[in-house]
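Below is one structure, written out as structure tokens; the observations come after it.
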Amino acid sequence: MSVDDQDRQKLLDRLFYGWGRDVAVAGAFLTRLPFRPGGDVAMSDLGPASRAFPLIGLLVGVFAGGALWLGAKAALHPLACGFIGLTVSAWITGALHEDGLADFVDGIGARTRERRLEIMRDSHIGTFGVLALVFSVGAKAALLAGFLGPGLAATALIAAVTISRAPIAVIMWRQAPARKDGLGRDAGQPTSADATIAMALAALCAVSLLGWAVGGLAVMMALCAAGMVAWLARKRLGGYTGDVLGAAQQAAEIAVLLAAGAYAI
4 MSVDDQDRQK LLDRLFYGWG RDVAVAGAFL TRLPFRPGGD VAMSDLGPAS
54 RAFPLIGLLV GVFAGGALWL GAKAALHPLA CGFIGLTVSA WITGALHEDG
104 LADFVDGIGA RTRERRLEIM RDSHIGTFGV LALVFSVGAK AALLAGFLGP
154 GLAATALIAA VTISRAPIAV IMWRQAPARK DGLGRDAGQP TSADATIAMA
204 LAALCAVSLL GWAVGGLAVM MALCAAGMVA WLARKRLGGY TGDVLGAAQQ
254 AAEIAVLLAA GAYAI
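Spelled out as structure tokens, the structure:
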């Protein structure tokens, strides 16, 4: 069997087998929901399970979008509905990605690489981290409030929460961890098949919810936004950390909402 045939077989194996465990592992790590992976679970299982990240995002997005829609049915202001949807999303995930964004922004401006990593590991949030969260959540809520009707806003939120998880797998595949310990080192590296499947799931969701043109734009903008965070992390940190992944997801989520705005016009 040639190398190309072996790669093709690996892709097919990852495409069709082991989904139950990978979804459970991804859900257990990325949400507060009661996922119960069978057998022993190690942090190193997270890398291979990254192909299922968009599926977990879809689940979170359905809850968040549903909360937004219910808020609209209760005649709440569109901006309040946006905040409700974002709050539900953050609660389900334990604000995992928001925490990563705050830590990343706090630390990335320090003078030395060692100091940047030290600040990111600190559990306290600084001024820049607070501002990043305010701007991020505020921007997303404002974008959601701008859609013409709760149905469109809920659809856009579901798409954003789903699509934005896929670039995480790509970063974990393409970039080295910045630390010798921590999540980046312990999570394990996804294969090219895992990253490809994650992006394919994101693209399928994008096209299904937003249409071909807007869905394609949303996926490209999500990749670009996450890629910019990853590029900055490589330049300033020498690789990625868990905080980098969180910041990349948040940037991608905003990018998808910006792209989806074309769907409401």
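Residue numbers for the sequence shown follow this note's numbering, beginning at 4 and rising by one. A virtual CB, placed ideally from N, CA and C, is assigned to each residue, including glycine.
In the displayed model, P193 falls within coil according to three-state DSSP, outside both helix and strand. Here K76 is exposed. Its C-beta has fewer than 16 other C-beta atoms within 10 Å.
Taking 8 Å as the upper bound for CB-CB distance, I166 and V222 are in contact here, some 6 Å apart.
Beta-bridge pairing by DSSP links Y243 to P180.
C-alpha of V91 to C-alpha of F131: approximately 24 Å in a straight line.
Inclusion of V247 and A225 in the CB contact set at 9 Å is not warranted, their separation being larger than that value. In this structure R116 is exposed. Its beta-carbon is surrounded by fewer than 16 other beta-carbon atoms within 10 angstroms. By the Cβ neighbour-count rule, E121 is exposed, with fewer than 16 other Cβ atoms within 10 Å of its own. In the assembly as shown, L136 is a buried residue. Its beta-carbon has 16 or more other beta-carbons within 10 Å. In the three-state scheme derived from DSSP, where H, G and I count as helix and E and B as strand, T115 is classed as coil.
In this structure, the straight-line span from the alpha carbon of G242 to that of G249 is close to 14 Å. In this structure, DSSP gives R35 a state outside helix and strand, which the three-state scheme calls coil. DSSP places P57 in the uninterrupted alpha helix (DSSP H) bounded by 56-76. In the three-state scheme derived from DSSP, where H, G and I count as helix and E and B as strand, D25 is classed as helix.
By the CB criterion at 9 Å, A55 and A29 fall inside the cutoff.
Straight-line measurement puts the Cα of L146 at about 9 Å from the Cα of L82. Contact check for G68 and A157: beta-carbon distance about 4 Å, within the 8 Å limit, so the pair qualifies. Under the DSSP assignment, V164 falls in the alpha helix (DSSP H) whose first and last residues are 153-166. Between D16 and P51, the CB-CB gap reaches or exceeds 9 Å. Proximity to G97 across R11, G152, G110, L36 peaks at L36, based on C-alpha coordinates. Residue state for G97 is assigned as coil, using DSSP reduced to three classes. Rounded to the nearest whole angstrom, the C-alpha separation of G218 and P57 is 15 Å.
Distance from the CA of G21 to the CA of A27, rounded to the nearest whole angstrom, comes to 10 Å.
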